[in-house]
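What follows is a set of notes on a single structure, which appears directly below.
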Amino acid sequence: MVNLDLELVYSPKQVHEHLRVSDSSLRKYAMALEARGYKFRKEDNGNRIFTQHDIDIFEILKQRLDAGQSMKTAASSTMNHVRKNVPRTVPVPVAPAAPVAGPPAVTERSSDVFKQKFEEGFAGLLEERIHTSMKPLIDGVTQLSGLVAELANQNKQLLSQNQELRTMLPAPRDIEEEKRQQREIVDEVKVLHEKQKKLEQQHYEELKRQNEEIQKLIPPMPDIDKERSERTNEYLTIRRINLALEKEAYEHWNRKPEHERIRKIGLFKKEENIEVRNHFIKSYIDEYFEDRLRLEFAQ
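Taking our numbering, I'd label the letters of the sequence shown as residues 51 to 349.
If you want it as structure tokens, here you go:
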């Protein structure tokens, strides 16, 4: 029985996209590792192809570069890590072994068996890889199918509820009858609106009439300047009457006998009796003021 050690290989584009670095950065990684003894498999045209083991080594190198190491230091420490671990497996496809010397029939049969085993092993590995890659998509499709089925069920329930609501609603009325009723409502609203306008106008007229009646009862506003002038004239008139009466009272006082106006102070000194004089003048003004005032305003 032939024992096949199969391993997938990846293109540089797949690797640098997986590592999330540029194509030039991937080439620098590979050159730095090759300079320190690491061997990559190459195609006939000289382009590198990479295995999962190569990708793991690139990830170790990238982690050390991200940690701040220089390319030289990171590549050297990565190679030390490689040398401490098991050597890489050989990537596929591999060339079939050279035929063993012997009878021709045996050689051809061995080659056919090897080819069949190789194809069966590669097909099985490829099927497993495809199944692993497609599993999230299959799970998503399954989940989506369940969601679609659930939505379809909800839609069916909504349609059923809608049908029930339709059976519960009253039958639609005649369109012409409905229009006629709407016109009647509009006409009633217009009539009510006109009545409201008339009532508002009547109310306005009544308020206007009441306001005019109230204005008639309110005395007119006094003329402030006129009142001020009149008060000033009254004050001046009263003042003038008082001065005139006071002057007349002095004249009458001075015509009185001396013994009524003068009082003695001691044996030889005399003076005017001020208290008696002031009382005489005040009494004179009080006696004639009203008559003079009436006479003044009667003119």
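We put the beta carbon where it would ideally sit given N, CA and C, even for glycine.
Note that the structure is predicted; figures quoted are calculated from it, not measured.
Contact under 8 Å by Cβ, residue i with residue j
i	j	result
Ile312	Lys319	no
Leu111	Tyr60	no
Ile331	Ala299	yes
Arg98	Lys92	yes
Glu346	Thr287	yes
Ile335	Glu296	yes
Ile105	Val132	no
DSSP three-state assignment for residue i, whether helix, strand or coil
i	result
Phe100	strand
Ile268	coil
Glu322	strand
Gln114	First, the amino acid is wrong: residue 114 is Arg here, not Gln. Three-state DSSP puts Arg114 in a helix.
Lys306	coil
Lys134	coil
Arg342	helix
Phe60	Residue identity differs from the one stated: residue 60 is Tyr in this sequence, not Phe. Three-state DSSP puts Tyr60 in a strand.
Arg313	strand
Arg91	strand
Gln119	coil
Asp275	helix
Arg159	With a pLDDT of only 45 at Arg159, under the threshold of 50, the placement of this residue in the model should not be trusted; the figure read from the coordinates follows. Helix.
Arg70	coil
Arg327	helix
Val65	helix
Ala294	helix
Arg86	coil
Asp224	coil
Cβ-based neighbour list, residue i, same chain, cut-off 8 Å, excluding 5 preceding and 5 following
i	result
Arg327	Trp303, Arg311
Glu84	Phe90
Arg278	none
Phe339	Ile291, Asn292, Leu295
Glu226	none
Through-space distance from residue j to residue i, alpha-carbon basis
i	j	result
Ala125	Leu58	24 Å
Ser120	Leu201	57 Å
Lys89	Ile188	38 Å
Ser195	Gln207	18 Å
Lys229	Glu238	14 Å
Leu69	Thr101	14 Å
Gln252	Lys266	21 Å
His329	Asn323	10 Å
Lys134	Gly96	28 Å
Glu250	Ile268	27 Å
Asp224	Gln231	11 Å
Asp73	Pro62	7 Å
Lys122	Gln64	25 Å
Asp341	Arg289	15 Å
Gln246	Glu255	14 Å
Arg259	Pro270	18 Å
Glu280	Ala348	15 Å
Glu244	Arg216	41 Å
Min CB distance residue i to chain B below 8 Å
i	result
Arg233	Absence of chain B from the displayed structure is noted, only one protein chain being present.
Residue i, buried or exposed, once every other Cβ within 10 Å from all chains shown has been counted against 16
i	result
Thr128	buried
Ile235	exposed
Ile291	buried
Ala82	buried
His66	buried
Arg305	exposed
Pro273	The sequence given here has Asp at residue 273, not Pro. Classification for Asp273: exposed.
Leu209	exposed
Arg114	buried
Leu242	exposed
Leu257	exposed
Leu76	buried
Ala151	Because the pLDDT of Ala151 is 40, which lies under 50, any placement of that residue in the model is unreliable, and the number read from its coordinates should be weighed accordingly. With fewer than 16 Cβ atoms within 10 Å of its Cβ, Ala151 is classed as exposed.
Pro149	At Pro149 the pLDDT is 42, less than 50, meaning the model places this residue with poor confidence; the figure from the coordinates comes in the next sentence. Flag for Pro149 reads exposed.
Own chain residues within Cβ distance below 6 Å of residue i, not counting five before or after
i	result
Arg344	none
Gln301	The residue you asked about is not Gln; residue 301 is Glu in the sequence shown. Answer for Glu301: no residue qualifies.
Asn261	none
Lys314	Lys320
Residues near residue i in its chain [Cβ-Cβ closer than 7 Å; skip 5 each side]
i	result
Lys276	none
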